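For reference, the structure discussed in these notes is given below.
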Amino acid sequence: MRRVAVVMAGGSGERFWPVSTKGRPKQFLNLASPDKTLLEEAVDRAIAVAGANASYIATGRHLAEASSTACPALPPGNVWAEPTKRNTLGCLVWVAANLLAQEDDATVAVLTADQRIAPMEGFASTVDKALCAAESEGGIVVIGVKPTRPETGFGYIEVGGPAGNVHRVQRFREKPDLATAQEFLSSGRFLWNSGMFFYTLSTFMRELDRQAPEVAETTRKLSQLLRLGDTAQADELFATLPNLSIDYAMMEHAEPVFVAPAEFEWDDLGAWDALARSYAPDAAGNVVQGEADLIEANGNTVYVDGTGVRVAMLGVDDLVVVVTADRVLVLPKHRAQEVKKFLNP
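Everything in the sequence shown is counted per our numbering, starting at 28 for the first residue and increasing by one.
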């Protein structure tokens with residue numbers, strides 16, 4: 028069975044405002060590495076898994092051209108542009124419809140464009156185990172990461188018994204409060220949910236048929252329209268899909284579900300405070316991307332977006348300072364998740 032890798036890259040990255048914008052969201056930023064954008068790194072991982080010809084980007088129409096330009100290693104037709112925003116359910120329905128328009132079945136690796144992952148060898152090994160389990164067990168496989176801290180910003184997976192090279196998922200847990208996160212960490216029975224999925228196309232459609240039959244019917248109709256080249260009708264039909272996350276719409280109640288433990292370092296780059304975990308800090312724990320002078324300042328994160336501005340900080344600790352051509356953002360690091368308040372006052 029053919030293996031394909033799809034990078035979900037349609038997010039807006041609002042918590043990285045003001046650098047991340049609708050026209051240039053965080054996947055086009057160098058947040059995990061000074062040399063490559065998040066999208067470029069994600070496509071490199073997809074190619075390592077499936078090869079360039081079987082690697083795809085799923086994104087919004089307004090980002091399709093920029094995505095194709097940023098990733099010249101992919102064939103031009105391997106950017107699948109969703110007609111309108113319909114959350115991750117819509118994204119994976121669009122992926123399934125495009126695949127069904129080409130073939131009866133395939134094994135799909137669904138990757139994301141907002142994570143820091145290393146080394147590549149460990150990632151490729153883990154994904155191979157996940158894909159093999161998806162093919163042999165007839166279920167959906169996720170990757171779980173051993174937690175290193177009581178993190179309240181990630182979802183968790185409670186691990187069940189072994190099943191070959193993977194484990195059964197006992198249940199998924201939502202983002203916990205700090206006390207619960209500490210319990211998860213101490214128990215040794217929980218992994219962070221990486222947000223990556225692995226399944227055969229037939230398994231995906233089986234679960235849609237069972238849990239969301241109307242969505243399954245829409246997916247098959249979309250594939251027929253795409254096969255005929257009727258994009259106008261496909262666009263209209265896609266707009267009727269519910270605006271739901273794939274976790275809520277399907278994954279939480281899918282059967283069976285397995286977890287492959289990660290053989291690599293992983294972090295979700297969800298907000299500005301994550302930058303401190305991506306770049307090496309100085310002796311005072313400051314992480315600086317750009318030009319800055321820091322005196323008696325500790326644990327700060329500074330990001331200057333190519334403006335030529337030099338930041339000066341004296342006697343302040345644990346701040347995030349972000350400078351763009353037309354904005355300066357300053358906030359305590361522990362409130363980094365609240366940046367969206369500026370977009371939705």
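Glycine included, C-beta positions come from ideal geometry on N, C-alpha and C.
Computed from a predicted model, the values in this text were never measured in an experiment.
R51 and A298 have their C-alpha atoms some 16 Å from each other. By the Cβ neighbour-count rule, L119 is buried, with 16 or more other Cβ atoms within 10 Å of its own. The C-alpha of T139 is placed about 9 Å away from the C-alpha of V70. Comparing C-alpha distances from A32 to each of R88, A136, A93 and W44 shows the shortest one belongs to A136. For A281, the closest alpha carbon among the candidates Y83, V154, A124 and R195 is that of R195.
Bounds of any alpha helix (DSSP H) do not take in D294; it lies within the beta strand (DSSP E) bounded by E292 to D295. The DSSP assignment places 193-200 and 217-227 as complete runs of the beta strand (DSSP E) inside the stretch 184-256, in order along the chain (cut-off: 3 residues). Nearest to D353 by C-alpha distance, out of V46, R42 and P110, is V46. Closest in C-alpha terms to L249, from the list C98, E92, A97 and P110, comes P110. Judged by their CB atoms, L116 and A243 are not nearer to each other than the 9 Å cut-off. Cα atoms of T334 and W44: separation of roughly 16 Å, rounded to the nearest angstrom. Just so you know, the alpha carbons of A161 and D295 end up roughly 24 Å apart. Taking C-beta atoms as the reference points, P174 and F217 count as a pair closer than 9 Å. Taking a C-beta distance under 9 Å as the contact criterion, T64 and A91 do not qualify as a contact pair. According to the DSSP assignment, Q260 belongs to the alpha helix (DSSP H) that extends over T258 to F265. Between T227 and M35, the beta carbon gap of about 18 Å keeps them out of contact (Cβ cut-off 8 Å). With respect to the 9 Å criterion, V168 and A151 are not classified as neighbours on the basis of their beta carbons. Going by DSSP, A100 is part of no alpha helix (DSSP H) at all; its letter is neither H nor E. By the Cβ neighbour-count rule, F265 is buried, with 16 or more other Cβ atoms within 10 Å of its own.
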